[in-house]
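Below: the structure, in structure tokens.
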Amino acid sequence: MILYFSATGNSRFVADYIANSAGDNVVRLNDIFKSGAPWVFRSQRPFVIVSPIYAWRFPQKIEELLKKAQFQGSDKFYCIATSGESSGNAGICVAKILKNRNIDLAGFANIVMPDNYLPGGEMPDKETAVKVIRQSLPKMQEICRLINANQSFRMDFQCKNGWFLSSVANWGFNVFEKNSNSFRVDDKCVQCKKCIDNCPTNNITLQDGKIKFHNRCMFCLACIHGCPVHAISYKNSKNGFYQCPSEKDISEK
0 MILYFSATGN SRFVADYIAN SAGDNVVRLN DIFKSGAPWV FRSQRPFVIV SPIYAWRFPQ
60 KIEELLKKAQ FQGSDKFYCI ATSGESSGNA GICVAKILKN RNIDLAGFAN IVMPDNYLPG
120 GEMPDKETAV KVIRQSLPKM QEICRLINAN QSFRMDFQCK NGWFLSSVAN WGFNVFEKNS
180 NSFRVDDKCV QCKKCIDNCP TNNITLQDGK IKFHNRCMFC LACIHGCPVH AISYKNSKNG
240 FYQCPSEKDI SEK
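Residues 0 to 252 (numbering that gives the first Met the number 0) are what the sequence shown spells out, left to right.
Written as structure tokens, this is what we have:
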């Protein structure tokens with residue numbers, strides 16, 4: 000069973016790639032979180048979690064899922080991260096969480112995907128994004144081979160200064176930056192409610208004809224990147240918007 004969380008499609012792309020290789024089914028965690036469905040998952044095949052990295056760790060919601068969810072059937076567990084560069088010590092953090100539950104982390108790896116961290120800089124155009132993903136395909140293929148063979152691996156498990164990045168820097172991100180008070184909605188908004196539909200934590204509502212943000216934000220930024228008229232911004236950022244290219248885009252020469 001492949002369980003993934005994705006806001007702009009990077010982790011979805013990797014999850015679908017692994018699922019197609021294994022002939023396995025895919026579960027979109029965004030829908031699980033939004034609906035409030037029980038965190039109970041049953042599979043006789045390995046569990047594979049695919050998630051983006053937020054400030055050198057898995058998002059807090061994903062770590063909470065790893066701590067609390069019921070995983071029934073298979074005792075094989077893999078975690079695959081996606082990030083613009085480094086996953087820090089996310090592998091160590093995940094392994095500790097699972098060890099406390101007597102679950103062995105069979106494999107961890109980080110797949111470099113187009114960097115979509117909006118506050119960090121300009122978003123990649125389609126050509127750049129396609130190039131980055133194509134460069135990561137051999138690593139995806141190797142990860143699929145190892146998972147399909149039930150083999151263990153630990154790639155990108157930690158990095159230089161990872162302890163600082165995945166602890167102090169991550170704490171700073173969650174305390175100071177992960178704040179929807181800095182979101183702005185301009186007059187281009189057509190009240191299509193797509194941002195409401197895309198929000199995995201039901202943090203966005205329409206009140207008195209205006210989009211309102213509350214205090215449950217994961218900072219996935221699906222609302223910003225998925226707005227069809229680009230009416231939402233973060234601190235009035237002019238860094239553009241991003242959606243992961245499709246499999247067809249990647250395969251075209």
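Using N, Cα and C, we set each Cβ at its ideal position, and we do this for glycine too.
These numbers come from a predicted model, not from an experiment.
Buried versus exposed call for residue i [16 or more other C-beta atoms within 10 Å across all chains shown]
i	result
G22	exposed
P227	exposed
S323	The question about residue 323 has no answer here: the residues shown for the chain are numbered 0 through 252.
D196	exposed
K60	buried
C191	exposed
G90	buried
F175	exposed
D114	buried
R41	exposed
Q157	buried
V47	buried
F163	exposed
P58	buried
N180	exposed
N202	buried
Pairwise C-alpha distance: residue j and residue i
i	j	result
C216	T200	7 Å
F107	D207	46 Å
H224	N19	26 Å
G83	M154	16 Å
P137	K125	20 Å
N101	K234	43 Å
A128	S34	31 Å
I52	A94	15 Å
A14	D185	34 Å
Y3	I210	27 Å
K67	F32	13 Å
Q69	S50	18 Å
N178	N214	8 Å
L205	S232	17 Å
L64	K130	32 Å
G119	Q71	39 Å
K193	A148	40 Å
F212	C198	10 Å
Among the options, nearest to residue i - alpha-carbon criterion
i	options	result
R44	V167, F76, F57	F76
E62	F152, P123, A80, D74	A80
M183	A230, V167, I203	The sequence shown places Arg at residue 183, rather than the Met named in the question. Ranking the options by Cα distance to R183, first place goes to A230.
M112	S86, D103, I91, L104	S86
N169	N88, R144, L97	N88
V143	N173, C78, F218	Checking the displayed sequence, the identity of residue 143 turns out to be Cys instead of Val. Of the listed residues, the one whose Cα sits closest to C143 is C78.
L117	S250, F240, N178, E251	F240
S5	I17, Y16, R27	R27
N160	A54, C188, I17, I48	A54
R56	V167, E251, A36	V167
R11	E251, K193, F172, M139	M139
Whole-angstrom C-beta distance between residue j and residue i, which should lie under 8 Å
i	j	result
N9	M122	Contact flag wrong, Cβ pair sits at about 12 Å.
A105	S151	5 Å
N24	M0	6 Å
I249	R133	6 Å
T7	C243	6 Å
S135	I110	5 Å
C92	S165	6 Å
Counterpart residues of residue i in DSSP-defined beta bridges
i	result
M127	A small correction: the amino acid at residue 127 is Thr; Met does not occupy that position in the sequence shown. The partner list for T127 (beta bridge, DSSP) is empty, contrary to what the question assumes.
S165	BP columns for S165 are empty, so no partner.
Q71	R41
S245	DSSP, once it has assigned bridges, lists no residue as partnering S245.
P51	T81
K211	T204
S232	R183
Residue i Cβ short of 7 Å to the ligand HEM heavy atom set
i	result
P45	Annotation note on the ligand HEM: not contained in the displayed structure, which lists no ligands.
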